[in-house]
Amino acid sequence: MSDSVKSRTGGGNRRAAQARATRRRIIDGARELFLRNGYAATTLDQIAGAAGVAVQTVYFHFGNKATVLKEVVDVLAVGDDEPIPMLDRPWVRQVREEPDGRRALAVWLSNSRVIFGRLAPIMKIVRDAAGADPEMAAQWETNQRQRFVAHRALVERLGDKQALRPELTVQEAADIVFTLVSHEVYFLLTVERGWTPDRWEKWINETVAGAILR
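Here it is in structure tokens:
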């Protein structure tokens, strides 16, 4: 490779890294503002100020406030901004490879606790905004569909391990997990009722295992 090509490649990598860092500053600043002020009261100008960029930069990377919130949710769901879907993460592979159904479920729920700890407060904001904002309503529905797909994938893996109660269909078991392992239930118990995340994890393991496993 010639020096000129190397230089262009290196410059492109630096620009990509700078753009990614800028996007992450915007996402982090927006998250703090959404949590403090709510969705409706947060403006793109405020987000730009929190990130230390011009508002045009926010428009360039995201286009509108709803997309900023979507990116906040996506980053919180997986814990970083790497382009790796949740179902391709190492801990999900551990669930797939674990032969024992109860241990596989425990791995899933332990990681769900970590995810909900990051995500539940911002999802409450999305849910609260959905009643008055069509874009937020669409965002809520998208997140609910994605959550169901993930939980159905879990149930299918448990079925492959012959761990499901024989009287349950995959659909029924997925419905149960989707309902119990939810942001709403986590928020109600850990915020409204003051449970610790440890207590929630113990309860959700016992409850889900009792409901769907042999």
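Quick note on numbering: the numbering used here labels position 97 of the sequence shown as 85, and the sequence is numbered without any gaps. We treat Cβ as the ideally placed atom computed from N, Cα and C, and that holds for glycine. Model, not experiment: these values are computed from the prediction.
Which of helix, strand or coil DSSP assigns to Leu32: Locating residue 32 in the sequence shown gives position 44, counting from the first residue. Reduced to three states, the DSSP call for Leu32 is helix.
Count the C-beta pairs between the region 39 to 50 and the region 70 to 90 that are closer than 8 Å, then say yes if the count reaches three, no if not. no
I'd like to check one pair, Ala118 with Met111: are the Cβ atoms closer than 8 Å? Stepping through the sequence shown from its first residue, residue 111 is reached at position 123. Stepping through the sequence shown from its first residue, residue 118 is reached at position 130. Cβ atoms of Met111 and Ala118: not closer than 8 Å.
Taking just the CA atoms, how far does Ala5 sit from Arg19? Taking the sequence shown and counting its residues from 1, one reaches residue 19 at position 31. Taking the sequence shown and counting its residues from 1, one reaches residue 5 at position 17. Looking at the two C-alpha atoms, the distance is approximately 21 Å.
Supposed close pair Thr203, Val41 - CB separation, criterion 8 Å: Residue 203 cannot be examined here, being either before or after the span of the chain that is shown, -11 to 202.
Three CB pairs or more closer than 8 Å across the region 96 to 113 and the region 21 to 30: yes
Kindly list the residues whose CB is nearer than 7 Å to the CB of Ala141, restricted to its own chain and excluding five residues on each side of it in sequence; keep chain order. In the sequence shown, counting from the first residue as 1, residue 141 sits at position 153. The residues are Leu75.
Find the nearest neighbour of Asp148 within the set Glu180, Leu93, Gln132, Val169, judged by alpha-carbon distance. Within the sequence shown, the letter at position 160 stands for residue 148. That would be Leu93, whose Cα lies nearest to the Cα of Asp148.
The region 84 to 91 touching the region 143 to 157, judged by at least three CB pairs closer than 8 Å: yes
Helix, strand or coil for Leu156 per DSSP? Sequence index remark: in the sequence shown, residue 156 carries index 168 (1-based). Three-state DSSP puts Leu156 in coil, outside helix and strand.
May I ask you to verify whether the region 155 to 172 touches the region 132 to 141, counting CB pairs closer than 8 Å and requiring at least 3? yes
Since Gln127 and Leu57 should fall inside the 8 Å C-beta cutoff, what is the C-beta to C-beta distance between them, to a whole number of angstroms? Here the question's residue 127 lines up with position 139 in the sequence shown. Here the question's residue 57 lines up with position 69 in the sequence shown. Their Cβ separation, rounded to whole angstroms, is 7 Å, which keeps Gln127 and Leu57 in contact under 8 Å.
Alpha carbon of Thr203 to alpha carbon of His171, nearest angstrom: For residue 203 there is no data in the structure shown, the boundaries of the chain being -11 and 202.
Euclidean distance between Cα positions of Thr30 and Val83: Locating residue 30 in the sequence shown gives position 42, where the first residue counts as 1. Locating residue 83 in the sequence shown gives position 95, where the first residue counts as 1. In a straight line, the C-alpha of Thr30 is about 39 Å away from that of Val83.
Please say whether Ala39 and Asp14 have beta carbons closer to each other than 8 Å? The residue given as residue 14 occupies position 26 in the sequence shown. The residue given as residue 39 occupies position 51 in the sequence shown. According to the sequence displayed, residue 14 carries Ile and not Asp. Against a cut-off of 8 Å, the Cβ pair of Ala39 and Ile14 comes out as a contact.
Rounded to whole angstroms, what's the CA-CA distance from Gly37 to Asp69? Just pull it up for me. Along the sequence shown, one-based indexing puts residue 37 at 49. Along the sequence shown, one-based indexing puts residue 69 at 81. Their backbone Cα atoms lie some 21 Å apart in a straight line.
Which whole-angstrom value is the C-beta distance of Leu97 and Asn193, which I expect to be below 8 Å? As a working mapping, residue 97 is identified with position 109 in the sequence shown. As a working mapping, residue 193 is identified with position 205 in the sequence shown. The pair is a contact, with the Cβ atoms about 5 Å apart (cut-off 8 Å).
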